[in-house]
Amino acid sequence: MIQRDIAIISLVAGLMFFVNLGSARLFDDDEPKNAGCAAEMLERGDWMVPMFNYELRTHKPILLYWCMLTAYSVFGVNEFAARLPSATFGVGIVLITYLIGRMLYDRKAGLWSALILATSLMFDMVARAANPDATLIFPCMLAFWSYLWLVARQHGGQFPQEMDANDWPKLLPRGWGLLLPYSAMSVAVLAKGPIGFLLPCTGIGAFVYFKSLGEFPELTGKTLGQKVISWSRYWVRPLRLLQVMWAMKPPLLIGALSVIALPWYVAVGVLTDGAWISGFFGTHNFGRFTNAMEGHGGLPIYYLVAISIGMFPWSLLFPVAFTQIYCRLSSNKIDLQNSGRTADLFLISWIAAYVVFFSIARTKLPNYVLPCYPAIALVAGTFFSRWRPGFDGLSRVWHRLYCPALVLIGAGMGVGLPITAYFLMPDEMWLGVIGLFPITAGICAYILFERGQSQQAKQVIFATAFGMAAVAFWIAAPRVSEYQAGPVLAKAAAEHNPTKKVAILGYGYHKPNITYYARTRFVRRDDLGQLKEHFVEHPDGYLLVRRTTLAEIESELPSNIRELKSHGEFLRDREIVMLGPVNKPDMPVNRIADQSTTQRN
C-alpha cells in the first residue's frame with residue numbers, strides 16, 4: 392500500500408511540476424536574476440562567487456547556483472535546466488510530506504496531505520520556478536522528518552501521541568542523533584542563510600517547550616489582570632526554556648554548520664574582500680527584517696491572506712481544520728476523538744515559527760512562509776482524509792458552506808480573469824475558463840456529499856485542484872510569458888548585430904529578463920547627460936526607453952540612432968522602445984518603426 396501511495400504521489404507531483412517546465416520564458420524579476428547568475432558563473436568557470444550582470448550578487452547563497460550549474464552542464468543553459476532543481480526538489484518535498492503525515496497520523500492523512508500540497512497554486516509556482524524556495528524547503532523538510540523519525544525510533548517506531556510533561560526530554564533524540572536534522576539545516580543555510588537553521592530549530596524547540604508545560608490549566612482570578620498573570624505563569628517559564636534549548640545540544644548544531652555551511656561563507660568572504668558577507672547579512676537579512684525593502688511591506692495579516700490565496704482551493708478547509716485542532720489541543724480529555732494532540736502541537740509549532748517571524752519582519756513576500764506550507768497541508772489533509780457527513784458536527788455541515796464558496800469564487804474568476812486579460816493581454820481572455828473548475832466542483836461535490844458519497848466528492852475536489860493548476864501552469868504560463876518585453880527585445884538586438892554582443896543601456900527602465908536573454912551587460916541610467924556618453928563608449932550599443940520618454944531624450948541622441956523594435960511592457964499599458972545605430976542617418980526617430988525590417992509587437 393505504501394508503494395502504491397508513493398507511486399500516486401510521484402505521478403501527480405511529477406506531472407504537475409515537469410510538464411512544459413521549460414516552455415515559459417523566465418519571469419521577471421527573480422527568475423532571470425537567478426538563472427543569469429548561474430549562467431555567468433558557468434561562463435567564467437567560477438563555482439564560488441555569485442555574479443549577475445557582471446556585478447556581485449549578494450541576494451542568495453550558493454546552493455541554488457550549484458544546482459543550476461549542474462543542470463546547465465547536462466542540459467545546457469535554458470529555461471528547463473534553470474527550473475529543473477526546483478521541480479526535482481518539489482517532488483521530494485511532497486514525498487516527505489507524505490512520510491511525515493503517515494508518521495504523525497495515518498496513511499490516508501499522509502496521502503491527502505501530499506496531494507493537497509502538490510496541487511496548491513503557490514507551491515506549484517515555486518516548484519516550477521528558477522528560485523531558491525524549493526532548494527530551501529527540501530533540506531528543512533529533511534530536518535523535520537529526520538527529527539520525527541529519530542523520536543519515533545526511540546518509542547518503538549511510533550511517534551508518541553500522549554506523554555507526561557515530565558517526560559519531555561524523550562521528545563529529543565538521544566546521543567548524537569540531532570546531528571542528522573542539524574546537518575540538513577546546515578544545507579538549508581547554504582540555500583538561504585540563517586533562517587535555514589533558526590526557524591526549523593524554533594519550530595522543534597517550541598514544540599518540545601510547549602509539551603513540557605503539561606496540560607493547560609483553567610485560568611484563575613476574578614479580574615482580567617489576574618487572569619493574564621495566571622496565563623503568563625503557565626506559558627512563560629524562562630528556566631524551562633533554557634533547559635529545552637540546552638537539551639537540543641547547540642554544540643552539535645555549531646559543529647554541523649562549521650563543517651557543512653561555514654567553509655563556503657568563509658571562502659566567498661575572502662574572495663570578495665567581505666563585500667558578499669556585508670551585502671547578504673547586512674542588506675538582505677538585517678535590512679529586510681527591519682525595513683520594508685523594495686516596497687514589499689504589509690499588514691500583520693499579510694500572510695494569512697497570502698496563504699489563503701496560495702493554497703486555494705484547499706484554503707477553504709482551513710476554518711474547520713484549524714478549529715478542530717484547537718478543540719483537540721484545548722481539551723484535557725484523552726479519547727479517540729482527541730487523539731493526535733502531540734502531532735497537532737508539532738504542526739502548529741512548525742507553522743507558527745515561520746508565520747510569526749515573518750509577520751514581525753518589515754519586508755513581506757508571499758514566498759517567505761513557504762517552508763510551512765507542508766505543515767499547513769498536513770493540517771488540511773488530516774481533516775480532509777476524515778471528512779464525511781456524520782464525522783462530527785462541523786464536518787457534517789461544512790460542505791454546505793464549502794461547496795457554495797467554490798461556486799462563488801469560480802464565478803468571480805470567470806468574470807474577473809477575462810476583464811483583466813482584456814486590458815493587459817487581449818488574446819488571453821480565454822483564461823476565464825479556469826473559473827469553470829471550481830464552479831463544477833462546487834456543484835458536483837455538493838450533490839455527492841448530500842448523497843453520502845464523501846469519497847467521490849473529495850476526488851472531484853482533488854481533480855478540480857489538479858485541473859486548475861494544470862491549465863494555469865501547463866498552458867497559461869507559457870502564453871503569458873510571451874508578453875514580456877525582454878526576450879523579444881534581446882532577440883531583436885541579436886538579429887540587428889549578430890556578429891557580437893554589445894552593451895544595452897536602459898534609461899529609466901530595467902528588467903533582468905533583457906540581461907539574461909541578451910547575454911550581455913545591461914546598464915541603467917536615469918541621468919539624461921549620460922546617454923551621449925553611452926554611445927561614445929559603445930557606438931554599436933542599444934538603448935531601451937519607454938515610448939513616453941522619446942521626446943524628452945531625442946535631442947541628446949546621436950544622429951544615427953533610430954527605433955529598431957518596440958514591445959508592450961509586461962502587465963502595463965505602455966510600450967518599451969529599443970533604439971540603436973542604423974545606416975540611414977536621415978531617418979527620423981518616429982519613422983523608423985515604419986521602415987525597419989522588424990515589426991512592432
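To get my numbering, take the position in the sequence shown, counting from 1, and add 391. In this text, a Cβ means the ideal position worked out from N, Cα and C, and glycines have one as well. Quick caveat, the model's predicted, so the values are computed rather than measured.
State the DSSP-derived secondary structure class of residue 631, mapped to helix, strand or coil. Helix.
Within the continuous beta strand (DSSP E) that includes residue 958, where are the two ends? 952 to 959
Can you tell me whether residue 932 is buried or exposed? The criterion is at least 16 other CB atoms within 10 Å of its CB, across all chains shown. buried
Taking the C-alpha atoms as reference points, what is the distance between residue 1000 and residue 757? What is shown of the chain runs 392 to 992, which leaves residue 1000 out entirely.
Using C-beta distances below 6 Å, list every residue in its chain close to residue 396, excluding the 5 sequence neighbours before and after it, in chain order. 502
Pairs of beta-carbons, one from the region 942 to 962 and one from the region 854 to 869, closer than 8 Å: are there three or more? Because the criterion of three Cβ pairs below 8 Å is not met, the region 942 to 962 and the region 854 to 869 do not touch.
Which of helix, strand or coil DSSP assigns to residue 967: strand
How close, in whole Å, do the beta carbons of residue 412 and residue 478 come, if the pair is a contact with beta carbons under 8 Å? Cβ-Cβ separation between residue 412 and residue 478: approximately 6 Å, consistent with a contact (criterion under 8 Å).
Less than 7 Å between C-beta atoms, sequence neighbours within five positions excluded: which residues of the same chain meet that for residue 738? Hits under 7 Å: 766, 769 and 770.
Between residue 881 and residue 898, how many whole angstroms is the CB-CB distance? I'm expecting something under 8 Å. Wrong, their Cβ atoms sit about 17 Å apart, outside the cutoff.
Touching by the beta-carbon criterion (3+ pairs, under 8 Å), the region 566 to 582 and the region 518 to 527: yes
I'd like to check one pair, residue 883 with residue 956: are the Cβ atoms closer than 9 Å? yes
Chain-order list of residues whose beta-carbon lies under 7 Å from that of residue 870 (same chain, five-residue window excluded): Within the same chain, 819 come within 7 Å of residue 870 by CB-CB distance, once the 5 residues on both sides are set aside.
Could you check whether the region 744 to 760 touches the region 812 to 832, counting it as contact only if at least three pairs of C-beta atoms, one from each stretch, sit closer than 8 Å? A contact is defined here as three or more CB-CB pairs under 8 Å, and the region 744 to 760 fails this definition with respect to the region 812 to 832.
Here's the rule: buried if 16 or more other CB atoms are within 10 angstroms of the residue's CB, otherwise exposed. What is residue 942? Counting C-beta atoms within 10 angstroms of its own C-beta, residue 942 has fewer than 16 neighbours from the protein chains shown and is therefore classed as exposed.
So what's residue 731 in DSSP terms, helix, strand or just coil? Here residue 731 sits in coil by DSSP.
Which listed residue (920, 680 and 904) has its alpha carbon closest to that of residue 960: 904
In the DSSP assignment, the beta strand (DSSP E) including residue 897 goes from what residue to what residue? According to the DSSP assignment, residue 897 belongs to the beta strand (DSSP E) that extends over 895 to 898.
With which residues is residue 935 paired in a DSSP beta bridge? 897 and 969
Give the single residue among 410, 936 and 896 whose Cα lies nearest to the Cα of residue 925. For residue 925, the nearest C-alpha among the options comes from 896.
Applying the 10 Å Cβ sphere with the 16-neighbour rule, what's the burial state of residue 398? exposed
If we ignore side chains and look at the alpha-carbon of each, how far apart do residue 678 and residue 594 end up? 24 Å
Nearest to residue 971 by CA position, among 940, 936, 962 and 965, is which residue? 936
Quick check on DSSP: helix, strand or coil for residue 726? Below a pLDDT of 50, predicted positions are generally treated as unreliable, and residue 726, at 46, falls in that range; the measurement from the model is reported next regardless. Coil, per DSSP.
Using the three-state DSSP reduction, which class does residue 554 fall into: helix, strand or coil? coil
When you compare the region 513 to 520 with the region 708 to 725, are there three or more beta-carbon pairs, one atom per stretch, that lie closer than 8 Å? no
For the 8 Å Cβ check, are there 3 or more pairs between the region 435 to 442 and the region 654 to 663? Contact between the region 435 to 442 and the region 654 to 663 is present, with at least three C-beta pairs closer than 8 Å.
Once the 5 residues before and after residue 729 are set aside, which same chain residues still bring their CB inside 7 Å of it? With a pLDDT of only 48 at residue 729, under 50, the local geometry of the prediction cannot be trusted, and the value read off the model is given with reservation. Excluding residues within five positions, the ones whose Cβ falls inside 7 Å are 719 and 722.
Identify whether residue 606 lies in helix, strand or coil by the three-state DSSP scheme. coil
Could you name the residues that DSSP lists as bridge partners for residue 447? 442.
Count Cβ pairs between the region 553 to 569 and the region 484 to 497 that sit closer than 8 Å; are there 3 or more? no
If the criterion is Cβ atoms closer than 9 Å, does the pair residue 571 and residue 564 meet it? yes
Give the range of the beta strand (DSSP E) segment to which residue 913 is assigned. Its beta strand (DSSP E) spans residues 913 to 916.
Among residues of its own chain, excluding the 5 on either side of residue 683, which ones have a beta-carbon nearer than 6 Å to its beta-carbon? 753 and 754
Enclosing alpha helix (DSSP H) for residue 539 [first to last residue]: That run of the alpha helix (DSSP H) goes 524 to 544.
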